[in-house]
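Colleague: Would you mind keeping the following structure in view while I ask a few things?
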Amino acid sequence: MMDRELLQSLYRYCLCLTRHNAQAEDLLQTAIERWLKSEAKPEHLRAYLRTVIRHQFIDDCRRLKIIDFEPIDDHDPALLDETCLEEVELQHDLIEYLFSQLNAAEREVLYLWAVEGYSAAEIAKDLGQPRGTILSRLHRIKIKSVDIMQLSAQTNTTGQGG
Numbered sequence: 062m063m064d065r066e067l068l069q070s071l072y073r074y075c076l077c078l079t080r081h082n083a084q085a086e087d088l089l090q091t092a093i094e095r096w097l098k099s100e101a102k103p104e105h106l107r108a109y110l111r112t113v114i115r116h117q118f119i120d121d122c123r124r125l126k127i128i129d130f131e132p133i134d135d136h137d138p139a140l141l142d143e144t145c146l147e148e149v150e151l152q153h154d155l156i157e158y159l160f161s162q163l164n165a166a167e168r169e170v171l172y173l174w175a176v177e178g179y180s181a182a183e184i185a186k187d188l189g190q191p192r193g194t195i196l197s198r199l200h201r202i203k204i205k206s207v208d209i210m211q212l213s214a215q216t217n218t219t220g221q222g223g
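The structure is reproduced here in structure tokens:
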């Protein structure tokens with residue numbers, strides 16, 4: 062059944078995808094409307110609604126032509142190590158900045174991994190994508206986050222010396 066915790070979790074997921082409050086609210090409302098109108102009630106409501114949200118988001122992006130997917134074939138699979146990300150500690154403002162630097166697919170994977178606590182295999186299954194694709198996205202996120210932290214450290218160091 063639908064409860065406040067589920068709504069909040071789904072809203073955060075929508076916000077992760079859209080990065081705009083109003084769009085996130087619209088996306089969540091559309092998903093809930095579809096669920097209420099459907100005759101077959103899903104066994105796993107959270108997974109069902111997240112799938113509806115994701116598909117609606119992709120449809121909206123295609124319609125508006127605003128989504129940017131990066132090819133994953135250019136990345137060396139040997140560099141993909143899920144455990145490397147666990148060693149990276151990010152501060153709140155760095156996370157916000159990082160989210161602003163990621164495309165929608167990367168934000169979605171980061172949200173599912175970091176906030177929802179899913180493994181790469183679980184994310185891959187949930188999104189219907191190969192595990193290597195998810196690991197590739199996690200690797201790109203790691204590279205971006207390290208670059209951002211290094212830039213932040215340099216800024217803090219030069220700012221303290223003045």
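The opening position of the sequence shown corresponds to residue 62 in my numbering, with each subsequent residue numbered one higher. By construction, the Cβ of each residue, glycine as well, lies at the ideal position given by its N, Cα and C atoms.
Enumerate in chain order the residues of its own chain whose CB-to-CB distance from E86 is below 8 angstroms, with the five nearest sequence positions on each side excluded.
Modeller: Within the same chain, E86 has close Cβ partners Y72 and C75.
Colleague: Once the 5 residues before and after Y172 are set aside, which same chain residues still bring their CB inside 7 angstroms of it?
Modeller: Result list for Y172: Y74 and C77, in chain order.
Colleague: Run through DSSP, which three-state label would N82 get?
Modeller: Helix, per DSSP.
Colleague: Tell me whether S197 sits in a helix, a strand or coil according to DSSP, three-state version.
Modeller: Helix, per DSSP.
Colleague: Considering just the uninterrupted stretch of the alpha helix (DSSP H) at V113, what are its terminal residues?
Modeller: Run containing V113: L106 to L125, per the alpha helix (DSSP H) assignment.
Colleague: If you follow the alpha helix (DSSP H) that L173 is part of, which residue opens it and which one closes it?
Modeller: Element bounds for L173: n/a, residue is neither H nor E.
Colleague: Quick check on L97: does DSSP put it in helix, strand or coil?
Modeller: Helix at L97.
Colleague: What residue range does the alpha helix (DSSP H) around L188 cover?
Modeller: A181 to L188 is the extent of the alpha helix (DSSP H) around L188.
Colleague: Given a cut-off of 7 angstroms on the beta-carbon distance, is the pair A92 and I114 in contact?
Modeller: Yes; because the gap between Cβ atoms is below 7 angstroms, this pair is in contact.
Colleague: Exposed or buried, T216, counting other C-beta atoms within 10 Å across all chains shown (16 or more means buried)?
Modeller: When all chains shown are included, T216 counts as exposed.
Colleague: Assign T208 to one of three DSSP states: helix, strand, or coil.
Modeller: According to the sequence displayed, residue 208 carries Asp and not Thr. Here D208 sits in helix by DSSP.
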